[in-house]
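Note sheet for the following structure.
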Amino acid sequence: ETLASLKNTGVRLLFKANIHQKFAVIDQKIVWYGSINLLSYGSAQESIMRLESPNIAQELLKDLGKSNSA
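Residue 719, in this note's numbering, is where the sequence shown stops; the numbers in between run on with no holes.
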């Protein structure tokens, strides 16, 4: 239900097996990076870092593209 809502608003979701790394890139320049667990409903503690850097955003997207083609 949550994933469907995100997709319906235009969010592009990519999942890779065996990778626990989590990040979000917004508008090609804002990065949320950390133990983001958007679907977690428990009491687990999370940590996250917000960066505003087009360079870091592009590097993460580039690396994701490489891992998707492997």
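Where is the CB? At the ideal position from N, CA and C, for every residue including glycine.
C-beta contact flag for residue i and residue j at 7 angstroms
{"i": "Leu710", "j": "Phe672", "result": "no"}
{"i": "Glu695", "j": "Ser684", "result": "yes"}
{"i": "Trp681", "j": "Arg661", "result": "no"}
{"i": "Lys678", "j": "Ala706", "result": "yes"}
N- and C-terminal bounds of the alpha helix (DSSP H) containing residue i
{"i": "Ala653", "result": "Thr651 to Asn657"}
One or two residues paired with residue i in a DSSP bridge
{"i": "Leu700", "result": "Val680"}
{"i": "Lys671", "result": "Gly683"}
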